[in-house]
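*Asks:*
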Amino acid sequence: MIEMMLETFETGTGYWHPLVWLVAFVIIFLIVYIIRGFGEKKYKKGTGQTQAFLSGNKEYDKQLMHVQSSNLYWGWTEALKWIIDVLKKMHTGNVSDYVLWFVVVLGVLLLFVGLM
Amino acid sequence: MNIVDMLLTHAPALTIAIPLLGAFLTPLISRVSEKGRNIFAIITVGITALFVFLMASEVLSNGPMTYVFGSTAATVQQSTVIRILFEVDALSIFMAIIGIILSFVAVVYSYAFMEKNTGLDKYYTLLLLMTTGMLGMMLTGDMFNFFVFLEITSIASAALVAFWTNKAKAVEAGFKYIVISTIGALFVLFAIALLYGQYDALNMAKIAQSLGISGFTFIDKIALVLLIAALAMKGGLAPMHMWLPDAYGRAPASISLLLVGATQASLYGLFRIVFTVYGDVISLPSISIGWILVLLGLITMLIGVIMAIIQTDFKRLIGYGAVAELGYMALAVGTGLTIVANADPNITLETAPFAMKAITGGLFHVINDALDIGLLFLVAGAVYYATKETSLNKLGGLARNMKYTTIFFIIGLLAVSGLPPFNGFASKLLIYESTYQLNPILSIVAILSSILLLAIFVKVLHSVFLGPALPKYETVREVPKSMLLAMAVIAGIIIVFGLFPQVIVTNLVEPAANALVNNSGYLQWLTGGF
Amino acid sequence: MKGMSSIVKTIANISFPIITIYGLYIIAHGHLTPGGGFQGGAIVASGLALLAVAHGTSWVESKVKEHDLSMLESLGALGFIGLAFLGLIMGGAFFSNFLADTSMLFGAIPVDGAANINTGGTLPLMNFAVGLKVIAGLFAIVLVMAIATNKEED
Amino acid sequence: MIANIPYLAVAGLIIIGLYTLLFKKNLIKMVIGITILESGVNLFLITLGYRMGSVAPIFTGNADNPVMSYPVPQALTLTSIVIGVAVLALMLTLVIHIYRHHGSLHVSKLGGDDQ
């Protein structure tokens, strides 16, 4: 049973073995942890050193600082605005349009299979 | 020990009969005690799970199992098969295992999740009816029986989606779901009538055999197109997916979990019809039918991912993630279909080995996605249970007092977007490598949408769990034990599938893929005389 | 809604028994003539709906509680699934007709094709169970919808 | 031509049903559209089982056993009608709830969550 568990997962053109990956992950994690140990330890907690540096501006209270989810990827949604607007218009939420899409796909498939 | 053999011979019927019996008994038992009814529902689904695993051991060791309703043998007179017949082969038992795991976790989860709601008799009755319908769709060998179980699942799940009738959105989502399901089911019935009119048979194996003899007439093409379009709509593919985020987003979390299983049962129906019933005839002269599925899969992935970016509601976002994941399954199995079902003889499974890998990857992704998306829905339900808030913009800093839910969310997040140690990676690796060999663009789009999925769920992780502690959620406590247990069960299965993928693939997914590709095993009871 | 005029009430009272007997006939002869559990149950439920319309839902609410109807419905459903399980235990396969060709209740053997009420095996019993479930179910639907919509007005 | 009039009726019913679903804005009319669509499919099932000059398939056992139409499609239609009733009841209940929430039966009330 054990050796069955340890088989490598072969995908026809490649191999994948999660346990080997896990061992590598643990080793690298230890190395990183050691490097982290060399870091500067002599800093005073609670003073200006551990304050969030907002290029000099005063830090507002906690709720206002939380970046809301809808404006987290605003750049990305701006870039994709052309496709997102098209998709938004497509997703009307109106049942007749859902049925319309079904009839359209049915028609396209009938043509596709009928002609081919 | 003939008790076990007796149970084994009747297992296919009992897997359907016990949840049905449980569904009818729930109103009576709730007369006795509320708690007793919840426990009874869990026990019923537990017993059904035993029967499913009993059948699994039998089917995976010695071939498909058939069960005739009404007498010990289906009478085959003048080549017409009389009586309804359940045919359980490796693929249907694979799907039944998915269905029963999801429904067991849903029942355990809703023990505490639905505690403060009223009308729980109807909730548990409908939940058990939905489990019956889903398992029936996966085990049946009769086309009309498939239609009846499809309708049972649709009606039960539409009523459950609209369970919180005080919310306008939930009732609307339920109405949209039942309208779409009814239209889909009516066109499935129309296709069944076409096939029955031509071959005087309702049994899938019989239709497959007579199709093989009489070839691919024009009526068969129309029936095939109707079935593909209707089951693709019920399976949430391509432009017909818009009911899915509404239904998943508005239903209670345990019902969204079961809806994932119901949608995948419709996809199983699509694969069963395209591969087994139309198996030997489905080759068009110039281009293969597989390209329909590949195209639908591509469009579904892109639409699902791009629409998920702009969502602000937690469960609706996971709904669009589920749509994107359905695209992967359609893409992978479609790639396999382009090789299996094409006209020119020198492209076969032997000359193009990646087709078998694509189908195995697609089926492995069916179970992985059911677990990953299911876990995310349970986490969304836990967040809703604790904070009564579903909009992502108002949530924040929940990790402080909901530690376990956050850990489960991180596991689900890493698994859904296909990161190495988890099960999503194993199946997506199979899909990337096999679709690449058919056409590189397919696997490029697949990898792209997987990265976008990771970005979207990291956004959710930040805005819901990380960030400063908001005063509004100071008093938030961790969710009760039974919900955590349900999430832990799924997270455990995800980790086990992730660390030992080859074990799962060799003795569960590969037999299912082989059963799907060559339908000789499926027809064996018919040709081998009965 | 409140009841109609007394003429309608008396006619409803007279015609209700006739409709019910006709419906029960359809249920009982399900395996002989067109019809069966569902159709007969629908006819009896339409008779009950006639009473509900004639006498007004307030009268009906006092007489029948929605809870009892769901009890009846569950009993009908249990009868049906119970017969199926009995088929499993006694007849070797789920839903098998274990009463046919035995000299028990409905088991007489049809002589030269002349089927009568006695030759249905478990079919008549299943028709009764389904009929009971449909009567209770459909009437509950009519009742709930009537109560829901008239709550709109007052 | 007489023989395939039922099939034309089936096509007509299905087209009317789809037309109602696609173009009517009132929810109750859409539910009626689905019922018309369902009756179309049921009519198709029944015409499949019909044989010229046959009687209803009831085995009353009298001697001259006439030509009978096929019983199987009629059983399928019966089940489809039963399912149609259940679906109709569920849809109308949901429409009642939607009317209670929105006060109107117009399809556009069903909400564009993505707009």
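Protein chains in written order, with the numbering used here: chain X, 1 to 116; chain F, 1001 to 1530; chain Z, 2001 to 2154; chain H, 3001 to 3115. Virtual Cβ for every residue (Gly too), placed ideally from N, Cα, C.
Kindly say whether GLU1510/F, judged by its beta-carbon, lies nearer than 9 Å to any beta-carbon of chain X.
*Replies:* If you number the second sequence from 1, residue 1510/F lands on position 510. Not closer than 9 Å to any Cβ of chain X, the Cβ of GLU1510/F fails to qualify, so no.
*Asks:* Are the CB atoms of THR1263/F and GLY1236/F within a distance shorter than 9 Å?
*Replies:* The sequence position of residue 1236/F within the second sequence is 236, counting from 1. The sequence position of residue 1263/F within the second sequence is 263, counting from 1. Yes. Within cutoff.
*Asks:* Within this structure, are the beta carbons of PHE1999/Z and ILE2089/Z separated by less than 9 Å?
*Replies:* No statement about residue 1999/Z is possible, as the shown extent of chain Z runs from 2001 to 2154 and does not include it.
*Asks:* Should LYS1169/F go down as buried or exposed, given a rule of 16 or more other Cβ atoms within 10 Å for buried?
*Replies:* Within the second sequence, residue 1169/F is the residue found at index 169, counting from 1. Buried is the call here.
*Asks:* I want to see whether chain F comes within less than 9 Å of MET2104/Z, judged by CB atoms only; does it?
*Replies:* On the third sequence, position 104 is the one that residue 2104/Z refers to. No, its Cβ sits nowhere closer than 9 Å to a Cβ of chain F.
*Asks:* Out of ILE28/X, PRO18/X and PHE102/X, state which residue places its alpha-carbon closest to the alpha-carbon of MET1242/F.
*Replies:* Numbered from 1 along the second sequence, position 242 holds the residue referred to as residue 1242/F. Residue PHE102/X is the option with its Cα nearest to MET1242/F.
*Asks:* Of all the CB atoms in chain Z, is at least one closer than 9 Å to the CB of SER1033/F?
*Replies:* Position 33 of the second sequence, counted from the start, is the residue given in the question as residue 1033/F. Closer than 9 Å: no.
*Asks:* Could you tell me the alpha carbon to alpha carbon distance between PHE1113/F and GLU1478/F, rounded to whole angstroms?
*Replies:* For this step, residue 1113/F is matched to residue 113 along the second sequence. For this step, residue 1478/F is matched to residue 478 along the second sequence. Taking the straight line joining both Cα atoms gives about 13 Å.
*Asks:* For GLY2131/Z, tell me which candidate among LEU2078/Z, ALA2093/Z, ASP2101/Z and THR2102/Z has the shortest Cα-Cα distance.
*Replies:* If you number the third sequence from 1, residue 2131/Z lands on position 131. Ranking the options by Cα distance to GLY2131/Z, first place goes to LEU2078/Z.
*Asks:* Distance check for LEU109/X and ASN3026/H, CA to CA, integer angstroms please.
*Replies:* Locating residue 3026/H in the fourth sequence gives position 26, counting from the first residue. Locating residue 109/X in the first sequence gives position 109, counting from the first residue. In a straight line, the C-alpha of ASN3026/H is about 30 Å away from that of LEU109/X.
*Asks:* Between the stretch 1344-1362 of chain F and chain X, which residues of the former have a C-beta closer than 7 Å to a C-beta of the latter?
*Replies:* The stretch 1344-1362 of chain F vs chain X, Cβ under 7 Å: PRO1353, PHE1354 and LYS1357.
*Asks:* Under 9 Å, Cβ to Cβ, is there at least one residue of chain H near LEU80/X?
*Replies:* For the purposes of this step, residue 80/X is identified with residue 80 of the first sequence, where counting begins at 1. No, LEU80/X does not count as interfacial toward chain H.
*Asks:* Which chain F residues sit within Cβ distance under 8 Å of GLY2092/Z?
*Replies:* One-based indexing of the third sequence puts residue 2092/Z at position 92. Ordered by position in chain F, the residues that pass the 8 Å Cβ test against GLY2092/Z are SER1071 and THR1072.
*Asks:* Using only alpha-carbon positions, find the residue among TYR2022/Z, LYS2065/Z and ALA2052/Z that is nearest to MET2004/Z.
*Replies:* Start at 1 with the first residue of the third sequence, and residue 2004/Z comes out as number 4. Comparing Cα-Cα distances from MET2004/Z to each of TYR2022/Z, LYS2065/Z and ALA2052/Z, the minimum goes to ALA2052/Z.
*Asks:* If you compare alpha carbons, which of PHE1147/F, ALA1247/F and ASN1002/F is closest to LYS1167/F?
*Replies:* Sequence index remark: in the second sequence, residue 1167/F carries index 167 (1-based). Among PHE1147/F, ALA1247/F and ASN1002/F, the Cα nearest to that of LYS1167/F is on ALA1247/F.
*Asks:* Could you check what DSSP says for LYS2002/Z in three-state terms: helix, strand or coil?
*Replies:* Translated into the one-based positions of the third sequence, residue 2002/Z becomes position 2. Of the three classes helix, strand and coil, the one that applies to LYS2002/Z here is strand, per DSSP.
*Asks:* Using DSSP with H/G/I as helix, E/B as strand and the rest coil, what is GLY2121/Z?
*Replies:* Translated into positions along the third sequence, residue 2121/Z becomes position 121. Coil at GLY2121/Z, not helix or strand.
*Asks:* Given that MET1402/F touches chain X, what residues does it touch there, using C-beta distances under 8 Å?
*Replies:* Along the second sequence, read from residue 1 onward, the residue named residue 1402/F stands at position 402. Going along chain X, no residue has its Cβ under 8 Å from MET1402/F, so there is no contact; the nearest lies around 16 Å.
*Asks:* Using the Cα positions of LEU6/X and PHE1500/F, report the straight-line distance between them to the nearest angstrom.
*Replies:* Sequence index remark: in the first sequence, residue 6/X carries index 6 (1-based). Sequence index remark: in the second sequence, residue 1500/F carries index 500 (1-based). Spanning the two alpha carbons is a distance of roughly 7 Å.
*Asks:* Would you report the Cα separation of TYR2025/Z and ALA1156/F, rounded to the nearest angstrom?
*Replies:* The residue given as residue 2025/Z occupies position 25 in the third sequence. The residue given as residue 1156/F occupies position 156 in the second sequence. Between TYR2025/Z and ALA1156/F, the C-alpha separation is close to 32 Å.
*Asks:* Evaluate contact between the stretch 1248-1263 of chain F and the stretch 1099-1112 of chain F, counting only Cβ atoms and requiring at least three cross-stretch pairs below 8 Å.
*Replies:* yes
*Asks:* How many angstroms separate the CA atom of LYS1403/F from the CA atom of SER1057/F?
*Replies:* Position 403 of the second sequence holds residue 1403/F. Position 57 of the second sequence holds residue 1057/F. Straight-line Cα distance between these residues: approximately 38 Å.
*Asks:* Any beta carbon from chain X within less than 9 Å of HIS1462/F's own beta carbon?
*Replies:* Taking the second sequence and counting its residues from 1, the one referred to as residue 1462/F is at position 462. Closer than 9 Å to some Cβ of chain X, the Cβ of HIS1462/F qualifies, so yes.
*Asks:* For THR1066/F, does the three-state DSSP call read helix, strand or coil?
*Replies:* To locate residue 1066/F, count along the second sequence from 1; it is residue 66. It is a strand residue.
*Asks:* Cβ of VAL2972/H less than 9 Å from any chain X Cβ?
*Replies:* Residue 2972/H falls outside the range modelled here, since chain H spans only 3001 to 3115, and no answer is possible.
*Asks:* Return the residue from the list LEU1331/F, ILE1097/F, LEU1516/F and THR1048/F that minimises the CA-CA distance to TYR1278/F.
*Replies:* Reading the second sequence from its first residue, position 278 is the one you call residue 1278/F. Among LEU1331/F, ILE1097/F, LEU1516/F and THR1048/F, the Cα nearest to that of TYR1278/F belongs to LEU1516/F.
*Asks:* Using the DSSP secondary-structure output, state which residues sit across from ASN1203/F in a beta bridge.
*Replies:* Counted from its first residue, the second sequence places residue 1203/F at position 203. Paired residue(s): ASP1142/F.
*Asks:* Quick one: which unbroken alpha helix (DSSP H) runs of 4-plus residues sit fully inside the stretch 2018-2097 of chain Z? Chain order, please.
*Replies:* 2037-2055, 2057-2063 and 2066-2091
*Asks:* Can you give the Cα-Cα distance for LEU1414/F and GLY2121/Z, rounded to whole angstroms?
*Replies:* Taking the first residue of the second sequence as 1, we reach residue 1414/F at position 414. Taking the first residue of the third sequence as 1, we reach residue 2121/Z at position 121. Roughly 58 Å separates the two Cα atoms.
*Asks:* Count the other CB atoms, across all protein chains shown, that sit within 10 Å of the CB of GLU59/X; report buried if there are 16 or more and exposed otherwise.
*Replies:* What you label residue 59/X is simply residue 59 of the first sequence in a count that begins at 1. Per the 10 Å Cβ criterion, exposed.
*Asks:* Per DSSP, what kind of secondary structure is GLU7/X in: helix, strand or coil?
*Replies:* As a first step, residue 7/X is located in the first sequence; it is residue number 7 there, counting from the start. Note: GLU7/X maps to coil in three-state DSSP.
*Asks:* Please determine, among VAL3082/H, HIS3101/H and ILE3096/H, the residue with the shortest C-alpha to C-alpha distance to ILE1152/F.
*Replies:* On the second sequence, residue 1152/F is found 152 positions in, with the first residue counted as 1. Comparing Cα positions, the closest option is VAL3082/H.
*Asks:* With distance defined between alpha-carbon atoms, name the residue in SER1463/F, MET1301/F, GLY1521/F and VAL1496/F nearest to LEU64/X.
*Replies:* As a first step, residue 64/X must be located in the first sequence, where it is residue number 64. Selected option, being the one with the closest Cα: SER1463/F.
*Asks:* Consult DSSP for ASP2154/Z and reduce its assignment to one of helix, strand or coil.
*Replies:* Sequence index remark: in the third sequence, residue 2154/Z carries index 154 (1-based). Below a pLDDT of 50, predicted positions are generally treated as unreliable, and ASP2154/Z, at 48, falls in that range; the measurement from the model is reported next regardless. Reduced to three states, the DSSP call for ASP2154/Z is coil.
*Asks:* Relative to chain H, which residues along the stretch 2125-2144 of chain Z have a C-beta separation below 7 Å, given in chain order?
*Replies:* ILE2141
*Asks:* With a CB to CB cut of under 7 Å and the five nearest residues on each side skipped, what residues in its chain are close to MET962/F?
*Replies:* This structure leaves residue 962/F out entirely; chain F is present only between 1001 and 1530.
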